[in-house]
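**Q**
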Amino acid sequence: MAKEYCISEYAHNSIYTYNKVKDNYKDRKINIYFSEPDEGINSDTGILLFIAGFGGNAGSNVYKKMRNEIADKYNLVTIQCDYFGWQFMQQADKIKVPNLDINKMNQVFNKEDMEKIYKAGKLDFDEFLKQGIKYDLNVTVNADLSGETLEDFNDMGIMQTIDNITAVLKVMAILYDNGYEFNAKKVIAYGHSHGAYLSYLCNAFAPTLFSLIIDNSAWIYPAYLKGNRYFIHNVDKFTLNVEFDYLAKKIDIDKELLSLPHIYSNFKNMCKIICYHGTTDNLISDSEKSKFCETVENCEYNEISLDKVDGHIFKSTNHGLGADFFKLFDFTYKKVEKNFEKGKFIELQNDVIIETNKGEYLINYEDILPEFIELKG
Numbered sequence: 012m013a014k015e016y017c018i019s020e021y022a023h024n025s026i027y028t029y030n031k032v033k034d035n036y037k038d039r040k041i042n043i044y045f046s047e048p049d050e051g052i053n054s055d056t057g058i059l060l061f062i063a064g065f066g067g068n069a070g071s072n073v074y075k076k077m078r079n080e081i082a083d084k085y086n087l088v089t090i091q092c093d094y095f096g097w098q099f100m101q102q103a104d105k106i107k108v109p110n111l112d113i114n115k116m117n118q119v120f121n122k123e124d125m126e127k128i129y130k131a132g133k134l135d136f137d138e139f140l141k142q143g144i145k146y147d148l149n150v151t152v153n154a155d156l157s158g159e160t161l162e163d164f165n166d167m168g169i170m171q172t173i174d175n176i177t178a179v180l181k182v183m184a185i186l187y188d189n190g191y192e193f194n195a196k197k198v199i200a201y202g203h204s205h206g207a208y209l210s211y212l213c214n215a216f217a218p219t220l221f222s223l224i225i226d227n228s229a230w231i232y233p234a235y236l237k238g239n240r241y242f243i244h245n246v247d248k249f250t251l252n253v254e255f256d257y258l259a260k261k262i263d264i265d266k267e268l269l270s271l272p273h274i275y276s277n278f279k280n281m282c283k284i285i286c287y288h289g290t291t292d293n294l295i296s297d298s299e300k301s302k303f304c305e306t307v308e309n310c311e312y313n314e315i316s317l318d319k320v321d322g323h324i325f326k327s328t329n330h331g332l333g334a335d336f337f338k339l340f341d342f343t344y345k346k347v348e349k350n351f352e353k354g355k356f357i358e359l360q361n362d363v364i365i366e367t368n369k370g371e372y373l374i375n376y377e378d379i380l381p382e383f384i385e386l387k388g
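Residue numbers (the working numbering): 12 to 388.
1. Run through the segment 57 to 114 for me and flag every whole alpha helix (DSSP H) of 4 or more residues, listed as ranges in chain order.
2. Could you have a look at A22 and say whether DSSP puts it in helix, strand or coil?
3. Should F356 be labelled buried (16 or more other beta-carbon atoms within 10 Å of its own) or exposed?
4. In whole angstroms, what separates the C-alpha of G70 from that of S276?
5. Does DSSP classify E138 as helix, strand or coil?
6. What residue range is occupied by the uninterrupted beta strand (DSSP E) comprising A217?
7. How about I225 and I285: are their beta carbons less than 7 Å apart?
8. Tell me where the alpha helix (DSSP H) around E123 begins and ends.
9. So, at 7 Å on beta carbons, what are the nonlocal neighbours of D263 in its own chain, with the 5 sequence-adjacent residues on each side left out?
10. Rounded to whole angstroms, what is the Cα-Cα separation between L209 and K353?
11. Going by the CB atoms, is the gap between Y232 and S270 shorter than 7 Å?
12. Among N329, V363 and P272, whose alpha-carbon lies nearest the alpha-carbon of L386?
13. Could you name each continuous beta strand (DSSP E) segment of 3 residues or more that falls completely within the segment 232 to 316, going from the start of the chain to the end?
14. Taking only three categories from DSSP, how would you classify I52?
15. What residue does the alpha helix (DSSP H) around Y187 start on, and which one ends it?
16. Going by DSSP, what residue range makes up the beta strand (DSSP E) through Y376?
17. Below 8 Å on the Cβ atoms is my contact criterion, and I expect R240 with F65 to pass it. Report the Cβ-Cβ distance as a whole number of Å.
18. Which whole-angstrom value is the C-beta distance of H203 and G331, which I expect to be below 8 Å?
19. Excluding sequence positions up to five away, which residues of its chain have a Cβ less than 7 Å from the Cβ of K319?
20. Determine the burial state of N280: buried for a count of at least 16 other Cβ atoms within 10 Å of its Cβ, exposed for fewer.
21. Quick check: what's the CA-CA separation for Y21 versus Y36?
22. So for L339, helix, strand or coil by DSSP?
23. Which one or two residues does DSSP pair with T151 in a beta bridge?
24. Is the Cβ-Cβ distance between H23 and I173 less than 7 Å?
25. Thinking C-alpha only, which one of A13, T250, K302 and Y376 is nearest I90?
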């Protein structure tokens, strides 16, 4: 059984409230989870970073099981973190109670149910939901995202990327400090949906760190920066739509810095990318994704159409492919496991500069951990 750890480590301060070149790692902490193979770490042991997307998180039983089982089966140190704003990407803990039209409700609900919903003339929204499932209703409510601040919010990009790179480098530092020898040329990022998108950003922000990206349904630009996210609950004929209107959509973020086509057009990709994308993906079309992959060196595009839906690895052609995360990793890893180079040490590019039409940005690795600096903008 793999040995599992959870550590709380300093992470990069929010770039949205701080504009410092130094001391960026003193005010924020994140949880980093990692597992090492039960048989120990050796020169063949690689690194695997899991990046969850919307609705997923490092503390879930699914990811905990994957970190442990994959660490043992494939001789990998598996890593995951609670990255910037992850808590706002789950189902809504709280919702804003809407203003419901009592006259319209009287036309739908019977008198007995209305008396339960309105107690002493005041709306009991929990009771509304309880009684509402008996009716043919479609209701939209807003998720309460009042907890989002510039110190911590779902930025869908830069800070989330920096946190994931930091998690990998922090765990590597622990391995080095404890005298372990591992294969620093076998560093894999495995993501689903937004997590896969962040894998691409991690590779662009640290171009020499990752050896392989496994991409299940990444978008090439965060859809929820252009429109709102909806989480839909269906019970019989009753539908509750929970709408997420994220802070990131309202602030001035350099859009090109989050655009994979823009970023990947300006640097030489050395990481092997294996991409899986469905023909009925509603968040990014298969044609957009294949066009992007064609422009990126070392990118292998695998289109999942109905004839590829095997009920084993892939269960649909929709976003996420209904994929079995374990089996997809196993299938992909077996294709490439003999192709990894070997080496004891990481070779970080000291200065990574990304230019957009609005600005110029530096990710500096002089002190090993990434420092994000806005040079122009």
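No residue lacks a Cβ here, since even glycine has one placed at the ideal position from N, Cα and C.
**A** The structure says:
1. If you keep only unbroken alpha helix (DSSP H) runs of at least 4 residues inside the segment 57 to 114, you get 72 to 85.
2. Assigned with DSSP and collapsed to three states, A22 falls in strand.
3. Counting Cβ neighbours within 10 Å, F356 comes out exposed, since fewer than 16 surround it.
4. Just so you know, the alpha carbons of G70 and S276 end up roughly 35 Å apart.
5. Three-state result, E138: helix.
6. Segment: none, A217 is in no beta strand (DSSP E) and carries neither H nor E.
7. Their beta carbons are under 7 Å apart, which means I225 touches I285 by this criterion.
8. Counting along the chain, the unbroken alpha helix (DSSP H) around E123 starts and ends at K122 to I128.
9. In its own chain, leaving out the 5 sequence neighbours on each side, no residue places its CB closer than 7 Å to the CB of D263.
10. Straight across, the Cα-Cα distance linking L209 with K353 is about 25 Å.
11. In this structure, S270 places its C-beta atom within 7 Å of the C-beta atom of Y232.
12. Restricting attention to N329, V363 and P272, the CA atom closest to the CA of L386 is found in V363.
13. Within the segment 232 to 316, the runs of beta strand (DSSP E) at least 3 residues long that lie entirely inside it are, in chain order, 240 to 246, 249 to 255, 283 to 289 and 310 to 315.
14. Here I52 sits in coil by DSSP.
15. Here the alpha helix (DSSP H) through Y187 covers I169 to D188.
16. For Y376, there is no enclosing beta strand (DSSP E), as DSSP gives it neither H nor E.
17. Indeed, because the Cβ distance is near 7 Å, the residues count as touching under 8 Å.
18. Yes, they are in contact, since the Cβ atoms of H203 and G331 sit about 6 Å apart, within 8 Å.
19. F325.
20. Buried.
21. When rounded, the distance between both Cα atoms is 6 Å.
22. The three-state secondary structure of L339, taken from DSSP, is helix.
23. Looking at the DSSP assignment, T151 forms a beta bridge with N252.
24. It is a contact, given that the beta carbons lie within the stated cut-off.
25. Cα-wise, what sits closest to I90 is A13.
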